[in-house]
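Engineer: Heads up, the sequence shown is in our numbering, so the first residue is 179 and it goes up one at a time.
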Amino acid sequence: MQLDKIVHFHKTVGDKTRIQIIALLKDGPLHGQAIAGKLGLTPPTISYHLTKLKEIDVIFQRRDKNTIYFHLNEKTLVLMAEAILRIGGEKEMDEFKVNDQERYNVIQNFFASDGTLISIPAQRKKKLIVLEHLVRGLQKGKTYQEKEINDYIKPFHEDFATIRREFVMGGFMTRQNGEYELNPESLWLIQ
Numbered sequence: 179m180q181l182d183k184i185v186h187f188h189k190t191v192g193d194k195t196r197i198q199i200i201a202l203l204k205d206g207p208l209h210g211q212a213i214a215g216k217l218g219l220t221p222p223t224i225s226y227h228l229t230k231l232k233e234i235d236v237i238f239q240r241r242d243k244n245t246i247y248f249h250l251n252e253k254t255l256v257l258m259a260e261a262i263l264r265i266g267g268e269k270e271m272d273e274f275k276v277n278d279q280e281r282y283n284v285i286q287n288f289f290a291s292d293g294t295l296i297s298i299p300a301q302r303k304k305k306l307i308v309l310e311h312l313v314r315g316l317q318k319g320k321t322y323q324e325k326e327i328n329d330y331i332k333p334f335h336e337d338f339a340t341i342r343r344e345f346v347m348g349g350f351m352t353r354q355n356g357e358y359e360l361n362p363e364s365l366w367l368i369q
C-alpha cells in the first residue's frame, strides 16, 4: 500500500507543467495568475495542476487579503525522494537514530504528567521523538479523515495543525486527498 503511494506521488510530480510550477515556487511563493503568466498557460490549467500538487502535499496555500499565494513544501519533496532509498534499506539515518534512554529523557522533558505536550521541541531530533510518541496511539492500516487526526491531537496540544503537518513531514503519515494513513516504521525519519 505504501509503495503505491510513493508511485502515485512520483507519477503526479512527473508532469512537465508540474515540474515547471515546482521550479517557479522554489524561488518563493506566487499567486495563480503569476504562475499562469510565467508559463504561458491559462489560469484554469494552472489551477488544475496546483490542485494535483496540493493533493500530494508538495505545495500549500496561504491567503493574503484577496490573493492566494502558493508555497513549495520542499520537505515533502525531499521526504518522498528519500522514501525510495529507505524502502530498499539503502540509506542510514544516523542523525535521527535514538536509544531508549534518549527517548525517555525527551518524553519526560516535553510531556506533563497528565500526558499533554508542554511544547513542541525546536530541535529536529527531539521533535521527531515527540512525534513518534504521539503517533504510536494511531492504528496501522486505518485511513483517518483530517478531523479525526485533529481530534486525536487536541488532547495532547492545542496546535493540532502544526503537529498534523509534522506527522507528514516526519514520514510518520501520508496525506492524500485529505486522508491520512500511518506509514510503515521503515519510512519514519527516526529510527
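Glycine included, every Cβ here is placed at the ideal spot set by N, Cα and C.
(1) Assess, as a yes-or-no matter, whether the segment 355 to 362 is touched by the segment 313 to 325 under the definition of 3 or more beta carbon pairs within less than 8 Å.
(2) For Lys-304 and Val-284, what's the separation of their Cα atoms in angstroms?
(3) Does the beta-carbon distance from Thr-340 to Ile-298 come in below 9 Å?
(4) If you measure between the beta carbons of Leu-231 and Thr-190, is that distance less than 9 Å?
(5) Report all residues from its chain with a CB closer than 7 Å to the CB of Asp-272; omit the five preceding and five following residues, and keep chain order.
(6) Classify Asp-242 as helix, strand or coil using the three-state DSSP reduction.
(7) Residues bridged to Tyr-322 by DSSP?
(8) Please report the distance separating the alpha-carbon of Asp-193 from that of Arg-240.
(9) Which word fits Leu-257, buried or exposed, when buried means at least 16 other C-beta atoms lie within 10 angstroms of its C-beta?
Structural biologist: With the structure as the only source:
(1) yes
(2) Translated into positions along the sequence shown, residue 304 becomes position 126. Translated into positions along the sequence shown, residue 284 becomes position 106. Counting only the Cα atoms, Val-284 lies some 6 Å from Lys-304.
(3) If you number the sequence shown from 1, residue 340 lands on position 162. If you number the sequence shown from 1, residue 298 lands on position 120. Their beta carbons are under 9 Å apart, which means Thr-340 touches Ile-298 by this criterion.
(4) The residue you call residue 231 lines up with position 53 of the sequence shown. The residue you call residue 190 lines up with position 12 of the sequence shown. Yes; because the gap between Cβ atoms is below 9 Å, this pair is in contact.
(5) Here the question's residue 272 lines up with position 94 in the sequence shown. Residue placement at Asp-272 is poorly supported in this model, since its pLDDT is 47, which falls under 50; the coordinates still yield a value, given next. Cβ within range, chain order: n/a, list empty.
(6) Taking the sequence shown and counting its residues from 1, one reaches residue 242 at position 64. Strand.
(7) Sequence index remark: in the sequence shown, residue 322 carries index 144 (1-based). Answer by DSSP bridge pairing, in chain order: Tyr-358.
(8) As a working mapping, residue 193 is identified with position 15 in the sequence shown. As a working mapping, residue 240 is identified with position 62 in the sequence shown. Cα to Cα, the separation comes out at about 24 Å.
(9) As a working mapping, residue 257 is identified with position 79 in the sequence shown. So Leu-257 ends up on the buried side.
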